[in-house]
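Scroll down for the structure; my scribbles are underneath it.
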Amino acid sequence: MVEFGGWDMPIQYTSVLEEHRACRTAAAVFDVSHLGSLRVQGPGSHARLQAALTNDLDRIAPGRAQYTHLCDPDDGHVVDDIIVWWLDADDYLVMPNASNTDRIAEALGAGAGAAVEGRAGSVVDVTATRVVLAVQGPQARARLEPVLPAAAAVPRFGVAPVTFGAVEGYAAGTGYTGEDGVELHVPAAGARAVWDAVLAAGIVPAGLGCRDTLRLEAGLPLHGHELGPGITPLQAGLAWVVRFDKGDFRGRDVLLAERERGVARRLVGIATEGRQPARQGSAVLVDGTAVGEVTSGNFSPMLGHGIALALVPPQVAVGAAVGIDVRGRTLAGEVVTLPFWSR
Amino acid sequence: MDYPEHLKYSSEHEWVAVDGTRARIGITDYAQDALGDVVFVSLPAVGTPVVAHASCAEVESTKSVSEIYAPVSGEVVEVNAALETAPEQVNADPYGDGWIFVVELRDPAELDALMDASAYRTMVEEA
């Protein structure tokens, strides 16, 4: 167990590699209760979210989920990446990362902002009242079907109410592994029964360790690595998350200026020779000169070699030969198309 | 956790199997468990001189990188090249197929500074 954003989290239940392979070949369940849950409800909720977040809710509808960012209004960096579950008209679950919940609540106008005219709705932190379980893998839906049929049937990026006995919650067709699967948002009081039933259905418990190797193989960003202070959505290769045409939102001006100017650096995937992992902070070399920095690196269990995400100048494009300096040893690498691995 | 009686142990979690003037070296069951799945071992080159308590190799897991400290001084005379393609042997069989390198001892008296199995067990269980 490790401390992570104020939560005690298991790195692994048995083995990172075993859990990784279970998720790629069958089904695994992650307790991701460390994500925050903000319930945004009431009149003005839609406008409140549209004004804060970069993606455009009008591209989806109630019963759908959307990946989005909250950016800094001054320099456009990604304060957090967030999944919004649109439960019903004027009813949303906004799910930021572990340590960012207070910051996001504040940006959405919880507290003092809630009294502002035209914002009669509420933003309430419900994190402590519920558990979030991510069931992921090619067999996730098939194994969930007998236990939670409504969850097994939820479409990709769909959101639906689910019940398990007297437990009432929500499921969304979302995840962070590059696999099909669903995430369950259930009241804490009933969560143990759901967890036990999920395990009894042949779904393997998996920890933070393989959550990281899975998301890295899938080329998905992690806050504090690929997103965070100094890194904008455009630099992270996530321009599709920023919808300039929807009207004003936090950070729009500075991001628009960056788009027009062109990004100074860009996130790329690098496949390295051999098994040795590059790590966050390792220098990326072109012709022996440092041009950028690794944001995440590890061994890819599915590919059998090292993989890394790195911020590099835009001219370092797919196919470019690069080196990565790992404690004085240079790993040979090549810029490759993301994701590193897909089904 | 398994700590075989016939081995000697360092406070940095290496084991040493003495055979005449040579010492076979690996990491302990405790160390492999703490590291998690080993995905890469950076082996010393044969012929490299090593000094007791100085770093001479690295073991990387999905979680982190750890240095291997030479428990004794001498010259590397053999390395476990099988770990280049099967580093998971360090987890599966830390005292057997997961051995890392062999040193020709320069000063066999250094062995006296190492722990026996019960002293090592006491150290890790009290940690």
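As they're listed, the protein sequences go chains A and B.
Mapping of the first sequence onto this note's numbering: position 88 corresponds to residue 71, and the numbering continues sequentially without gaps.
With the second sequence counted from 1, adding 975 to any position gets you this note's numbering.
In this text, a Cβ means the ideal position worked out from N, Cα and C, and glycines have one as well.
What alpha helix (DSSP H) runs, 4 residues minimum, are completely inside the stretch 986 to 1056 of chain B?
Counting whole runs of 4 or more residues, the stretch 986 to 1056 of chain B contains the alpha helix (DSSP H) stretches 1004 to 1010.
Rounded to whole angstroms, what is the Cα-Cα separation between His981(B) and Gly287(A)?
Your numbering for residue 981(B) matches position 6 in the second sequence. Your numbering for residue 287(A) matches position 304 in the first sequence. When rounded, the distance between both Cα atoms is 36 Å.
When DSSP labels each residue in this structure, what does Ile87(A) get in the three-state scheme?
Looking up residue 87(A) in the first sequence gives position 104. Correct three-state label for Ile87(A): helix.
Nearest chain A C-beta to Asp1008(B) closer than 8 Å, yes or no?
Counting from one through the second sequence, the residue named residue 1008(B) turns up at place 33. By this cut-off, Asp1008(B) is not an interface position.
I want to verify the contact list: residues of chain A whose CB lies under 8 Å from the CB of Ser1041(B), in sequence order.
For the purposes of this step, residue 1041(B) is identified with residue 66 of the second sequence, where counting begins at 1. Ordered by position in chain A, no residue passes the 8 Å Cβ test against Ser1041(B), which lies about 12 Å from the chain.
To which residues of the same chain is Leu18(A) closer than 6 Å at the C-beta, ignoring the five residues directly before and after it?
The residue labelled residue 18(A) in the question sits at position 35 within the first sequence. If we look at Leu18(A) and ignore the five residues flanking it on each side, its Cβ neighbours are Met78, Val115.
Put Gln24(A) into one of helix, strand or coil per three-state DSSP.
Against the first sequence, residue 24(A) aligns to sequence position 41. Strand at Gln24(A).
Which partner residues of Ser105(A) appear in the DSSP bridge assignment?
Walking along the first sequence from the start, residue 105(A) turns up at place 122. Looking at the DSSP assignment, Ser105(A) forms a beta bridge with Gln24(A).
Looking at Ala1032(B) and Leu1010(B), is the spacing between their C-beta atoms short of 8 Å?
Counted from its first residue, the second sequence places residue 1010(B) at position 35. Counted from its first residue, the second sequence places residue 1032(B) at position 57. For Leu1010(B) and Ala1032(B), no; Cβs fall outside 8 Å.
Who does Leu76(A) pair with in a DSSP beta bridge?
For the purposes of this step, residue 76(A) is taken as residue 93 along the first sequence, with counting starting at 1. DSSP output for Leu76(A) lists Arg22(A), Trp68(A) as bridge partner(s).
With distances taken from CA atoms, which of Arg198(A), Phe147(A), Thr160(A) is nearest His168(A)?
Here residue 168(A) corresponds to residue number 185 of the first sequence, with the count starting at 1. Comparing Cα positions, the closest option is Phe147(A).
Please report how far the alpha carbon of Val318(A) lies from the alpha carbon of Glu276(A), in whole angstroms.
What you label residue 318(A) is simply residue 335 of the first sequence in a count that begins at 1. What you label residue 276(A) is simply residue 293 of the first sequence in a count that begins at 1. Rounded to whole angstroms, Val318(A) to Glu276(A) spans 13 Å at the Cα level.
Roughly how far, in whole angstroms, is the beta-carbon of Val130(A) from the beta-carbon of Ala184(A), given that I think they are within contact range, below 8 Å?
Residue mapping note: residue 130(A) aligns to position 147 of the first sequence, counting from 1. Residue mapping note: residue 184(A) aligns to position 201 of the first sequence, counting from 1. That belief holds up - the Cβ atoms of Val130(A) and Ala184(A) are roughly 5 Å apart, short of 8 Å.
Can you grab the Cα-Cα spacing for the pair Gly1073(B) / Ala304(A), in whole Å?
Numbered from 1 along the second sequence, position 98 holds the residue referred to as residue 1073(B). Numbered from 1 along the first sequence, position 321 holds the residue referred to as residue 304(A). Roughly 34 Å separates the two Cα atoms.
Which same chain residues, not among the five before or five after Ala171(A), have their C-beta less than 7 Å away from its C-beta?
Within the first sequence, residue 171(A) is the residue found at index 188, counting from 1. So the qualifying residues of the chain are Thr112, Arg113, Val114.
Name the chain A residues that come within less than 7 Å of Glu1035(B), Cβ to Cβ?
Start at 1 with the first residue of the second sequence, and residue 1035(B) comes out as number 60. Gln259, Pro260, listed in chain order.
Starting from Asn281(A), follow its DSSP beta bridges and name the residues at the other end.
Along the first sequence, one-based indexing puts residue 281(A) at 298. For Asn281(A), which the question treats as bridged, DSSP gives the partners Ile290(A).
Along chain B, which residues have their Cβ under 7 Å away from the Cβ of Gly192(A)?
Position 209 of the first sequence holds residue 192(A). By Cβ distance, chain B contributes Gly1011, Thr1037, Lys1038.
May I ask which residues mark the beginning and end of the alpha helix (DSSP H) holding His3(A)?
Within the first sequence, the letter at position 20 stands for residue 3(A). Where His3(A) is concerned, the enclosing alpha helix (DSSP H) stretches over -1 to 8.
Name the residues in the stretch 1016 to 1031 of chain B whose C-beta lies less than 8 Å from a C-beta of chain A; which are they?
The stretch 1016 to 1031 of chain B vs chain A, Cβ under 8 Å: Ser1017.
Pick from Met(-16)(A), Ile43(A), Val237(A): whose alpha carbon is nearest that of Lys1038(B)?
What you label residue 1038(B) is simply residue 63 of the second sequence in a count that begins at 1. Comparing Cα positions, the closest option is Met(-16)(A).
Under 8 Å between beta-carbons, which chain A residues line up against Pro1062(B)? List them in chain order, please.
One-based indexing of the second sequence puts residue 1062(B) at position 87. Within 8 Å Cβ-Cβ: Arg258.
So Tyr1005(B) and Ala1092(B) are supposed to be a Cβ contact under 8 Å. How far apart are they, rounded?
The residue given as residue 1005(B) occupies position 30 in the second sequence. The residue given as residue 1092(B) occupies position 117 in the second sequence. Wrong, their Cβ atoms sit about 12 Å apart, outside the cutoff.
Measuring only the C-alpha atoms, how far is Val246(A) from Thr215(A)?
Here residue 246(A) is taken as the residue at index 263 of the first sequence, counted from 1. Here residue 215(A) is taken as the residue at index 232 of the first sequence, counted from 1. About 9 Å.
Provide the residue span of the alpha helix (DSSP H) that contains Arg235(A), from first to last.
Within the first sequence, residue 235(A) is the residue found at index 252, counting from 1. Counting along the chain, the alpha helix (DSSP H) containing Arg235(A) begins and ends at 235 to 244.
At what residues does the alpha helix (DSSP H) containing Arg42(A) begin and finish?
Stepping through the first sequence from its first residue, residue 42(A) is reached at position 59. Run containing Arg42(A): none; DSSP gives neither H nor E here.
What separation, rounded to the nearest whole angstrom, lies between the Cα atoms of Leu76(A) and Gly158(A)?
Indexing the first sequence from 1 puts residue 76(A) at position 93. Indexing the first sequence from 1 puts residue 158(A) at position 175. About 15 Å.
Beta carbons nearer than 7 Å to chain B: which residues of the stretch -7 to 23 of chain A have them?
Per Cβ criterion, the list reads Ile(-6), Gln(-5), Ser(-2), Val(-1), Leu0.
Near Gly164(A), what residues of its chain come up, given a Cβ to Cβ distance below 7 Å and the 5 sequence neighbours on each side ignored?
Against the first sequence, residue 164(A) aligns to sequence position 181. Answer for Gly164(A): Ala117, Val118, Gln119, Gly120, Ala123, Gly158, listed in chain order.
Can you tell me where the alpha helix (DSSP H) with Thr146(A) in it begins and where it stops?
Counting from one through the first sequence, the residue named residue 146(A) turns up at place 163. Not the alpha helix (DSSP H): Thr146(A) falls in the beta strand (DSSP E), residues 142 to 147.
Can you name the start and end residues of the beta strand (DSSP E) that Gln327(A) belongs to?
Nothing about residue 327(A) can be reported from this structure: the residues present for chain A run from -16 to 326 only.
Thinking C-beta only, is Ala219(A) closer than 8 Å to Val61(A)?
Walking along the first sequence from the start, residue 61(A) turns up at place 78. Walking along the first sequence from the start, residue 219(A) turns up at place 236. Contact flag set, yes.
Are the beta-carbon atoms of Leu321(A) and Gly252(A) separated by less than 8 Å?
As a working mapping, residue 321(A) is identified with position 338 in the first sequence. As a working mapping, residue 252(A) is identified with position 269 in the first sequence. Closer than 8 Å, so yes.
Spell out whether any CB of chain B is found under 8 Å from the CB atom of Thr196(A).
Residue 196(A) sits at position 213 when you count from the first residue of the first sequence. Judged by the 8 Å Cβ criterion, Thr196(A) is in contact with chain B.
Would you list the residues sitting across from Met1090(B) in a DSSP beta bridge?
As a first step, residue 1090(B) is located in the second sequence; it is residue number 115 there, counting from the start. Paired residue(s): Tyr984(B).
Starting from Pro170(A), follow the alpha helix (DSSP H) in both directions and report where the run begins and ends.
Within the first sequence, residue 170(A) is the residue found at index 187, counting from 1. Note, Pro170(A): premise wrong, no alpha helix (DSSP H); beta strand (DSSP E) at 164 to 170.
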